[in-house]
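One structure is given below, encoded as structure tokens.
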Amino acid sequence: MLASHAGAASGLFGRAKVLAVLACLLAACGDKHGVRRIELAECRVPKLVHAAQCGKVDVLEDRSKPEGRKLSIAVTLLPANTLNPLSDPLFMLAGGPGQSSDAIAPLAEQLSGVRRSRDIVLIDPRGGGRSAPLRCAALKPRDPFDELLDADTIAQAAHRCIAELLARGDVDVAQYSTSAYVADIDEVRAALGYERVNLWGGSYGTRAAQEYVRRYPARVRSVVLDAVAPPELKLSLDVWASRDAAIARVIADCAEDAQCREAYPDLNATLERIRARLESPQRFAVNDPRTGTPHDVPLSFEAIVGALHGLVYAPELASLIPPLLARAEAGDFSPLAAAAMMLAADFNRTMNLALHYAVTCAEDASRTAPSDVQKIIPNLRAPVLAERNLEACLGWPRASVPADFFSPLTSDKPVLILSGGLDPVTPPANGEKVAQTLPNSRHVVAAGYGHIVSPHACTPRLIAKFIDEAGFATLPQSCLDYLATSKPPPLFASLLGPR
Numbered sequence: 000m001l002a003s004h005a006g007a008a009s010g011l012f013g014r015a016k017v018l019a020v021l022a023c024l025l026a027a028c029g030d031k032h033g034v035r036r037i038e039l040a041e042c043r044v045p046k047l048v049h050a051a052q053c054g055k056v057d058v059l060e061d062r063s064k065p066e067g068r069k070l071s072i073a074v075t076l077l078p079a080n081t082l083n084p085l086s087d088p089l090f091m092l093a094g095g096p097g098q099s100s101d102a103i104a105p106l107a108e109q110l111s112g113v114r115r116s117r118d119i120v121l122i123d124p125r126g127g128g129r130s131a132p133l134r135c136a137a138l139k140p141r142d143p144f145d146e147l148l149d150a151d152t153i154a155q156a157a158h159r160c161i162a163e164l165l166a167r168g169d170v171d172v173a174q175y176s177t178s179a180y181v182a183d184i185d186e187v188r189a190a191l192g193y194e195r196v197n198l199w200g201g202s203y204g205t206r207a208a209q210e211y212v213r214r215y216p217a218r219v220r221s222v223v224l225d226a227v228a229p230p231e232l233k234l235s236l237d238v239w240a241s242r243d244a245a246i247a248r249v250i251a252d253c254a255e256d257a258q259c260r261e262a263y264p265d266l267n268a269t270l271e272r273i274r275a276r277l278e279s280p281q282r283f284a285v286n287d288p289r290t291g292t293p294h295d296v297p298l299s300f301e302a303i304v305g306a307l308h309g310l311v312y313a314p315e316l317a318s319l320i321p322p323l324l325a326r327a328e329a330g331d332f333s334p335l336a337a338a339a340m341m342l343a344a345d346f347n348r349t350m351n352l353a354l355h356y357a358v359t360c361a362e363d364a365s366r367t368a369p370s371d372v373q374k375i376i377p378n379l380r381a382p383v384l385a386e387r388n389l390e391a392c393l394g395w396p397r398a399s400v401p402a403d404f405f406s407p408l409t410s411d412k413p414v415l416i417l418s419g420g421l422d423p424v425t426p427p428a429n430g431e432k433v434a435q436t437l438p439n440s441r442h443v444v445a446a447g448y449g450h451i452v453s454p455h456a457c458t459p460r461l462i463a464k465f466i467d468e469a470g471f472a473t474l475p476q477s478c479l480d481y482l483a484t485s486k487p488p489p490l491f492a493s494l495l496g497p498r
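Take the sequence shown: its letters are residues 0 to 498, numbered as in numbering that gives the first Met the number 0.
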């Protein structure tokens with residue numbers, strides 16, 4: 000059944016491609032959108048079912064030096080499924096910072112309602128993905144099993160990375176910032192021949208989208224912000240308290256659920272007993288979930304909390320936390336490691352940590368005062384995780400940031416704001432805050448969902464309707480009602496599932 004559907008889809012796509020080529024020949028391939036100054040070739044992108052079109056746009060690393068080094072910005076275009084596409088595509092901006100466009104490629108395919116009439120364009124940020132990635136030995140992707148269990152080295156690795164980059168001298172790390180990224184986006188827009196674009200940003204991508212609207216308002220038709228990071232948010236610090244709050248919410252939900260409460264009467268006490276047991280790191284046999292091979296590894300309480308922070312991003316994984324903690328208390332950490340690795344592997348594949356630190360150290364850590372740290376860190380379950388993250392920024396250059404960069408965006412552009420009611424890092428309060436200075440916005444909270452709502456349930460249809468109209472009048476009420484009343488997955492009474 001799957002093979003026959005795939006074959007039919009492939010045939011339709013092939014015929015559509017032939018028709019698109021003929022249309023290009025008849026229409027001078029770009030007249031409607033302006034002159035296209037980039038060569039695109041068919042390409043295959045991880046997690047994209049169909050072929051896309053890929054190309055590169057060369058930009059200056061430092062725009063104040065016209066004769067300086069150039070970077071090739073990687074562009075992936077998913078052409079509209081029509082011979083007469085509308086002239087305003089959807090540009091999609093991934094998160095991180097440091098995430099490649101591969102991470103959101105599956106969502107681009109889910110937005111078939113948008114592609115009925117518009118191109119979708121994915122852009123790798125400078126320094127990440129296939130856009131002249133920042134590379135250093137200390138922060139190269141590691142085996143997710145090793146990384147999951149090694150919570151002690153991130154600050155040291157970041158220090159070694161910047162030392163290597165500065166010693167090599169072949170990149171100017173201070174040029175890798177959100178401001179430079181949005182200028183690249185506009186050069187890509189111009190190179191593709193588009194006058195105006197619609198924007199979708201997810202997580203950190205919402206910060207980039209807001210900055211693009213601030214700098215290039217005439218180039219923007221509509222905006223979707225999913226999992227909003229307000230410009231004033233300090234990514235290096237504020238997210239830790241939000242993650243801890245998400246763990247506390249799972250524990251509270253278990254206490255309110257009769258079956259979960261019966262199986263796990265006091266998860267806070269369970270966590271404290273795990274903390275006491277791991278006060279000094281101990282070695283445990285942990286099975287690699289991919290091979291079943293046992294490894295004798297050191298475990299710290301910080302590593303356990305770090306794993307829980309990963310699980311709360313997705314409600315379906317957060318629902319596993321009660322039985323996972325019970326198994327961990329009994330000395331079996333393998334199930335927790337396996338669950339956390341489901342996220343760690345994809346994170347490693349799509350995230351450039353050197354770029355992550357280049358951006359966050361310049362834009363967030365540099366304005367984090369000691370008083371900010373003291374306000375949050377003493378109340379965290381594992382303060383050392385946040386402390387290491389801030390320490391990682393020591394020695395990283397500071398990119399210049401526009402004076403209004405951290406000011407709330409004020410714009411009359413139509414903006415659809417999406418928040419997951421269970422989002423552990425960009426909670427609905429962020430969406431409410433951003434909406435206050437966007438008079439032509441609507442904030443939709445998907446009560447039962449976590450970080451990034453766009454792929455789930457009816458949300459792709461909601462986004463397509465919004466972009467079609469650049470407004471809210473025709474948003475499907477049934478979808479809005481469903482998202483508002485959606486429920487999280489039931490908590491697991493055991494690793495076999497809910498009773």
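Heads up, the beta-carbon is just placed ideally off N, CA and C, and yes, glycines get one too. Remember, it's a predicted structure, so these values are computed and weren't measured experimentally.
Going by beta carbons, PRO140 and ARG117 fall outside the 8 Å limit.
The beta-carbon distance between TYR203 and GLY95, rounded to whole angstroms, is 5 Å. This is short enough to meet the 8 Å contact definition. Secondary structure within the stretch 395 to 471: the beta strand (DSSP E) runs of 3 or more consecutive residues, fully enclosed, are 414 to 419 and 440 to 445 (chain order). For ALA391, the closest of ALA327, ALA156 and PRO78 by C-alpha to C-alpha distance is ALA156.
Bounds of the alpha helix (DSSP H) holding GLU390 are 382 to 390. Per the coordinates, the alpha-carbon of ILE246 lies some 9 Å from the alpha-carbon of LEU310. DSSP, read as helix, strand or coil, puts CYS259 in helix.
In terms of CA proximity to TRP199, LEU415 leads the group LEU415, ALA361, ASP363 and PRO78. In this structure, ASN439 sits near LYS412, with a CB-CB distance shorter than 8 Å.
At the C-beta level, VAL452 and LEU417 come within 8 Å of one another.
Around the beta carbon of THR425, a 10 Å sphere encloses 16 or more other beta carbons of the protein chains shown; the residue is thus reported as buried. When ARG36, SER221, ALA166 and PRO65 are compared, the shortest CA-CA separation from ASP467 is found for SER221. Taking each of ALA445, LEU110, LEU490 and GLY470 in turn and checking the Cα distance to CYS478, the smallest one comes out for ALA445.
By the neighbour-count criterion, in which a residue is buried when 16 or more other Cβ atoms sit within 10 angstroms of its Cβ, VAL304 is buried. When beta bridges are read from the DSSP output, CYS53 appears opposite ALA40 and THR75. The three-state reading of DSSP puts SER485 in coil, since its state is none of H, G, I, E or B.
When the Cα atoms are used, ALA337 and GLU231 turn out to be separated by approximately 35 Å. DSSP places GLY192 in the coil class of the three-state scheme, outside both helix and strand. Annotated as distal: ARG397 and ASP243, with beta-carbon spacing of 8 Å or more. In this structure, SER279 is the residue among ASP287, TYR263 and SER279 with its C-alpha nearest to the C-alpha of PRO297.
Put simply, the stretch 449 to 463 does not touch the stretch 259 to 266. Fewer than three CB pairs are less than 8 Å apart. In this structure, ARG134 is the residue among ARG134, ARG43 and LEU70 with its C-alpha nearest to the C-alpha of LEU354.
Between ILE122 and SER100 the beta-carbon gap is near 6 Å, inside 8 Å, which marks them as a contact. For VAL304, the enclosing alpha helix (DSSP H) stretches over residues 300 to 310. Per the coordinates, the alpha-carbon of GLY127 lies some 6 Å from the alpha-carbon of GLY97. Looking from the CA of HIS308, the closest CA among ASP331, VAL238 and ALA327 belongs to VAL238.
Between the stretch 38 to 55 and the stretch 69 to 80, the count of Cβ pairs shorter than 8 Å is three or higher; the stretches touch. According to the DSSP assignment, ARG159 belongs to the alpha helix (DSSP H) that extends over 153 to 167. A Cβ-Cβ distance of about 26 Å is found for the pair ALA102 and THR290, leaving them out of contact under the 8 Å criterion. Remark: C-beta atoms of ALA179 and ARG125 approach each other more closely than 8 Å.
For ASN286, the enclosing beta strand (DSSP E) begins and ends at 281 to 286.
If you draw a straight line from the Cα of HIS455 to the Cα of ARG43, it comes to about 25 Å. LEU39 sits away from VAL58, with the two beta carbons spaced by 8 Å or more. Counted as a single uninterrupted DSSP element, the alpha helix (DSSP H) harbouring ILE375 occupies residues 369 to 375.
Where ARG220 is concerned, the enclosing beta strand (DSSP E) starts and stops at 219 to 225. Counting only runs of 4+ residues, the alpha helix (DSSP H) found wholly inside the stretch 318 to 353 occupies 320 to 328 and 333 to 349, in chain order.
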